[in-house]
Amino acid sequence: MIDLNNQYTLMKRKIDTAVVRNFFNDTLVEEADRLPIEIIPKDRVPSRCCIYKERALVRYRILTLLGVDLENDDDEFKPTSRYVSEVIEHSEPKLPLLTTITSGCYGCPKDQYRISDACRGCFARPCMANCPKNAIVFLNGQAHIQEDRCIRCGKCMEVCPFHAVVHIPVPCEEACPVGAIKKNEQGYVEVDHSKCIGCGKCVRSCPFGAIAERSELFHVLKMLKRKEKVTAMIAPAIEGQFPGSLGQIKSALKEAGFTDVFEVAEGAEVTSIKEGEELVEKMKEGNGYMTTSCCSSYMELIPKHLPFLKERYSSTLSPMAYSAQICKKKDPEAKTVFIGPCLAKRVEAARYDEIDGVITFAELAAIFMALDIDVNKMPDADMGNVDSFKDCREYAISGGVAGCVLNRIDNPESVRIMKIDGLDKKTVRLMSTWPKRAPEADLVEVMVCQGGCIAGPGTIVKPQVALRLREQLHKAK
Amino acid sequence: MKKSKVKVRICLGTACFVQGGADLLLYNDFLDPEILAECEIEGCSCLEKCKVGGGQAPFVEINGTIYDGVDQEKFVKLLEEAVRA
Numbered sequence: 101m102i103d104l105n106n107q108y109t110l111m112k113r114k115i116d117t118a119v120v121r122n123f124f125n126d127t128l129v130e131e132a133d134r135l136p137i138e139i140i141p142k143d144r145v146p147s148r149c150c151i152y153k154e155r156a157l158v159r160y161r162i163l164t165l166l167g168v169d170l171e172n173d174d175d176e177f178k179p180t181s182r183y184v185s186e187v188i189e190h191s192e193p194k195l196p197l198l199t200t201i202t203s204g205c206y207g208c209p210k211d212q213y214r215i216s217d218a219c220r221g222c223f224a225r226p227c228m229a230n231c232p233k234n235a236i237v238f239l240n241g242q243a244h245i246q247e248d249r250c251i252r253c254g255k256c257m258e259v260c261p262f263h264a265v266v267h268i269p270v271p272c273e274e275a276c277p278v279g280a281i282k283k284n285e286q287g288y289v290e291v292d293h294s295k296c297i298g299c300g301k302c303v304r305s306c307p308f309g310a311i312a313e314r315s316e317l318f319h320v321l322k323m324l325k326r327k328e329k330v331t332a333m334i335a336p337a338i339e340g341q342f343p344g345s346l347g348q349i350k351s352a353l354k355e356a357g358f359t360d361v362f363e364v365a366e367g368a369e370v371t372s373i374k375e376g377e378e379l380v381e382k383m384k385e386g387n388g389y390m391t392t393s394c395c396s397s398y399m400e401l402i403p404k405h406l407p408f409l410k411e412r413y414s415s416t417l418s419p420m421a422y423s424a425q426i427c428k429k430k431d432p433e434a435k436t437v438f439i440g441p442c443l444a445k446r447v448e449a450a451r452y453d454e455i456d457g458v459i460t461f462a463e464l465a466a467i468f469m470a471l472d473i474d475v476n477k478m479p480d481a482d483m484g485n486v487d488s489f490k491d492c493r494e495y496a497i498s499g500g501v502a503g504c505v506l507n508r509i510d511n512p513e514s515v516r517i518m519k520i521d522g523l524d525k526k527t528v529r530l531m532s533t534w535p536k537r538a539p540e541a542d543l544v545e546v547m548v549c550q551g552g553c554i555a556g557p558g559t560i561v562k563p564q565v566a567l568r569l570r571e572q573l574h575k576a577k
Numbered sequence: 002m003k004k005s006k007v008k009v010r011i012c013l014g015t016a017c018f019v020q021g022g023a024d025l026l027l028y029n030d031f032l033d034p035e036i037l038a039e040c041e042i043e044g045c046s047c048l049e050k051c052k053v054g055g056g057q058a059p060f061v062e063i064n065g066t067i068y069d070g071v072d073q074e075k076f077v078k079l080l081e082e083a084v085r086a
C-alpha cells in the first residue's frame, strides 16, 4: 500500500469535506456541478494530463461518495446535481462495496522485471546463473530479460549486486491478496466481486485512485440532518485517529448530531467472553485449532476462498454485532452507525437489521471539518464505567483480540496462540495448507490488515502515529 | 550567552491533523537529534489560520511565525533554518 500521506488522500479529504459542508448548508444540489471547478481551479498545475481530466475525476469522486455504482450507473449526460437530488430522495443500495473509475485507471501493463542502466555487465553474472528459465541475455555488455521466457520469479532481482533489476508491479493486483482484480479487454481495472473480500488494500494502493469505495456516508448524513436519534458506535481503533481523548471525540460526535456514543469495546467484551468459553470447550474436545471471527474481511475470505475454515472459526459474533444488539436493546428507536477503519464491516453490517449504517474514520473527519468541529477543543466527556472492557480497546491492534480472550479464561498460559498479522497472497497460500498441516496453536487470531485495525483502509493517520498517540493518552490517564 | 531554544507549535486543529499534521508528531523519529535538542516542540490547539483563508493545512508556528503546508520535509528544513539563525 502506498503511504497515507499523498496527494490523492489529501484531495479526497478536500472533496469529501466540501461535499459534506454543502450538504449541511443545503447548497449541495446547486453547488454539485460547480465543485469540480472550484476544487480544480484553472491556474492549478495538474497532476493528470490536464485540469479537465482532474475535474472529471473530482466529479467521479463525488459520485462514489454519494454511493453511485459507477460500473452500472455512469451516465455522463446526467449532471452531478441530478445524482445528488436522487440520492437525497432515496439512498443507493449499499453493496457491492467497491467500484472502479475507468477513466482514472492508467491501465498499467502487466507486472514485469526490468534491468536498468545500473547493470555493469559484471563477470559473475549471478542473474544469468540463477534464472530458472534462461531468460537473461547479454547485449552490448548489459543484461536483458527476454519477456517471453520470464516467469516473474524475481530471482535476478534478489541476486544482483548492483540492485540493477527493478520490479514494476501493478499496484492494485499486487495488493489484492485473493486475485480479485482483473483487467477488462481494454486493459482497465475491474473488481471481481465474487472474489473480493472487501479488505480495501487495492483502494489504498492505486496511485491513480481508480478503485473507490461506494460510500454509505449519505445514509448517515441524512439521519443527522433529519435530527433522528443516532447512536455512534465507535470502533476501538478510533483512539489515536483524532487529536484528543476518547472523551473529546465523544463530545465532538455529539456536537456533530449523534445523540449517543457507544464504545464497541463494550461489545468486544461480549465477544471475548464467548470466544473464551468456546475456546475452552474446543480445547477439551481436542479437535485442534480455532480461529477468531471478528475480522469481517477474514469472514469474507472463508466462504470465497478457504471454505474448509467454516469448521474452524469461532461462532461468536463480532464486537460490532454485539454492540448493535446492546444499543437496540437500550433504545430500539435509535439508529446505530458503526464508525470504524474498515470497509469489509459494511459487508458484515448488511447482514444485520440492528446496524443502520457504517462509515469510516476518514468520513467522520470530513463531517468534523465540514462543521468546523475541533476535537482538540472539545470538553473531555465522561465515558462511563469502562473498567470491565477497558482492555478490549486493544482489539484494534494485532494480538489484542487473543489477549482479551485469554484475560477471560482460566489457565491462559496453557493456550497456544498464533497470529495472522496481515493478509497477503503468501499468507493465503500458507493458510490453504492448513487442512494438511494444521497450525500448532489452539487459537489463531486473524487480522487482514497488518498491525490490526489501526492500519485499516478507512484510517486517518499512519499506524505509527496512532500508536504514539494511544501511548500518550494512556500515560496521561 | 546561551541561545534560547526554538519554540515550535504544531497545530492540532482537526483540519490540520487529518491533512498531514499528524505525521509531524513523529518528530522524534525523523528529526536530526542535534536539531531536536535545540527545539521545544509542542502540539497546540487550532492556530485559527485556516479560518482566515489562504495557505494550506497543516500549519506550524516557529518562534512566532506561522508557516503553511508543512510536511515532514518542510518541517525539517524550517527547523534547521531556525536553529542556525
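Protein chains in written order, with our numbering: chain A, 101 to 577; chain B, 2 to 86. Glycine included, C-beta positions come from ideal geometry on N, C-alpha and C.
May I have the straight-line CA-CA distance separating residue i from residue j, to the nearest angstrom?
{"i": "Leu324/A", "j": "Phe358/A", "result": "7 Å"}
{"i": "Gly440/A", "j": "Gly344/A", "result": "17 Å"}
{"i": "Gly522/A", "j": "Ser372/A", "result": "21 Å"}
{"i": "Ala224/A", "j": "Asp211/A", "result": "27 Å"}
{"i": "Thr164/A", "j": "Glu176/A", "result": "14 Å"}
{"i": "Lys74/A", "j": "Asn507/A", "result": "Past the boundaries of the shown model lies residue 74/A; chain A is included only from 101 to 577, so the question cannot be answered."}
{"i": "Met478/A", "j": "Gly347/A", "result": "8 Å"}
{"i": "Leu607/A", "j": "Glu192/A", "result": "As displayed, chain A neither begins before 101 nor continues past 577, which places residue 607/A out of reach and without an answer."}
{"i": "Leu417/A", "j": "Ala424/A", "result": "11 Å"}
{"i": "Met265/A", "j": "Thr460/A", "result": "Inspection of the sequence shows that residue 265/A is occupied by Val rather than by Met. About 39 Å."}
{"i": "Lys114/A", "j": "Thr200/A", "result": "20 Å"}
{"i": "Gly56/B", "j": "Lys562/A", "result": "24 Å"}
{"i": "Arg159/A", "j": "Arg446/A", "result": "24 Å"}
{"i": "Glu285/A", "j": "Val303/A", "result": "21 Å"}
{"i": "Lys374/A", "j": "Gly386/A", "result": "18 Å"}
{"i": "Pro209/A", "j": "Pro269/A", "result": "9 Å"}
{"i": "Asp30/B", "j": "Gln20/B", "result": "19 Å"}
{"i": "Lys153/A", "j": "Thr180/A", "result": "16 Å"}
{"i": "Ala156/A", "j": "Pro136/A", "result": "7 Å"}
{"i": "Ala229/A", "j": "Tyr213/A", "result": "16 Å"}
{"i": "Gly70/B", "j": "Lys50/B", "result": "12 Å"}
{"i": "His319/A", "j": "Gly457/A", "result": "7 Å"}
{"i": "Cys553/A", "j": "Gln341/A", "result": "11 Å"}
{"i": "Ile162/A", "j": "Glu313/A", "result": "11 Å"}
Strictly below 7 Å CB to CB, what residues from chain B border residue i?
{"i": "Val561/A", "result": "Ala23"}
{"i": "Glu113/A", "result": "Per the sequence shown, the amino acid found at residue 113/A is Arg instead of Glu. Near Arg113/A (Cβ distances below 7 Å), the residues of chain B are Val19, Gln20."}
{"i": "Leu317/A", "result": "Residues of chain B passing the Cβ test: none, with the nearest at roughly 15 Å."}
Would you mind telling me which residues of chain A sit closer than 7 Å to residue i, beta carbon to beta carbon, in chain order?
{"i": "Ala16/B", "result": "Met469"}
With C-beta atoms as the reference, is residue i less than 8 Å away from residue j?
{"i": "Cys12/B", "j": "Phe60/B", "result": "yes"}
{"i": "Met390/A", "j": "Arg412/A", "result": "yes"}
{"i": "Gly558/A", "j": "Leu443/A", "result": "yes"}
{"i": "Val7/B", "j": "Cys45/B", "result": "no"}
{"i": "Gly367/A", "j": "Ile426/A", "result": "yes"}
{"i": "Glu82/B", "j": "Ile36/B", "result": "no"}
{"i": "Ala538/A", "j": "Thr117/A", "result": "no"}
{"i": "Phe468/A", "j": "Thr15/B", "result": "yes"}
{"i": "Cys47/B", "j": "Asp474/A", "result": "yes"}
{"i": "Ala496/A", "j": "Ala335/A", "result": "yes"}
{"i": "Ile281/A", "j": "Ser397/A", "result": "no"}
{"i": "Val565/A", "j": "Ala23/B", "result": "yes"}
{"i": "Ala470/A", "j": "Arg252/A", "result": "no"}
{"i": "Ala51/A", "j": "Lys194/A", "result": "There is simply no residue 51/A to check, as chain A begins at 101 and stops at 577 in what is shown."}
In chain B, which residues lie with their C-beta within 9 Å of the C-beta of residue i?
{"i": "Val120/A", "result": "Per Cβ cutoff of 9 Å: no residues; Val120/A is ~13 Å from chain B at best."}
{"i": "Leu401/A", "result": "In chain order: nothing, as chain B lies at least about 30 Å away."}
Going along chain B, which residues have a C-beta under 8 Å from residue i?
{"i": "Leu110/A", "result": "Gln20, Gly21"}
Show which residues of chain A have a CB atom less than 9 Å away from the CB atom of residue i.
{"i": "Leu32/B", "result": "Within 9 Å Cβ-Cβ: nothing; Leu32/B doesn't reach chain A, min ~14 Å."}
{"i": "Leu79/B", "result": "Those within 9 Å of Leu79/B in chain A number zero; the least Cβ separation is about 17 Å."}
Residues from the segment 447 to 478 of chain A in contact with chain B, defined by Cβ distance under 7 Å: Ala465, Phe468, Met469, Ile473, Asp474, Val475, Asn476, Lys477
Identify each residue in the segment 330 to 353 of chain A for which the Cβ-Cβ distance to at least one residue of chain B is less than 7 Å, and report them in chain order. Correct list: Phe342, Pro343.
Could I get the ranges of all uninterrupted alpha helix (DSSP H) runs contained in the segment 164 to 209 of chain A, with 4 residues as the minimum, in chain order? 180 to 189
Complete runs of the alpha helix (DSSP H) confined to the segment 519 to 561 of chain A [at least 4 residues]: 525 to 532
What are the start and end residues of each continuous alpha helix (DSSP H) run of 4 or more residues lying completely inside the segment 384 to 456 of chain A, in chain order? 396 to 405, 419 to 430, 444 to 449
Every unbroken beta strand (DSSP E) inside the segment 11 to 64 of chain B [3 residues or more]: 40 to 45, 61 to 63
Any chance you could list the beta strand (DSSP E) runs of at least 3 consecutive residues sitting entirely within the segment 220 to 269 of chain A, in chain order? 236 to 239, 242 to 245, 265 to 268
At a Cβ cut of 8 Å, what residues of the segment 551 to 575 of chain A count as close to chain B, listed as they run along the chain? Ile560, Val561, Lys562, Gln564, Val565, Arg568, Leu569
According to a CB-to-CB cut-off of less than 8 Å, which residues of the segment 35 to 50 of chain B neighbour chain A? Gly44, Ser46, Cys47
Against chain B, which members of the segment 506 to 538 of chain A pass a CB distance test of less than 8 Å? none
Using Cβ-Cβ distances below 7 Å, what residues of the segment 124 to 136 of chain A are close to chain B? none
In chain order, what residues of the segment 227 to 247 of chain A put their CB closer than 8 Å to some CB of chain B? none
What ranges does the alpha helix (DSSP H) occupy inside the segment 124 to 167 of chain A, keeping only unbroken runs of at least 4 residues that lie completely in it? 128 to 131, 135 to 139, 151 to 166
Taking Cβ-Cβ distances below 9 Å as the criterion, which residues of the segment 268 to 291 of chain A are in contact with chain B? none
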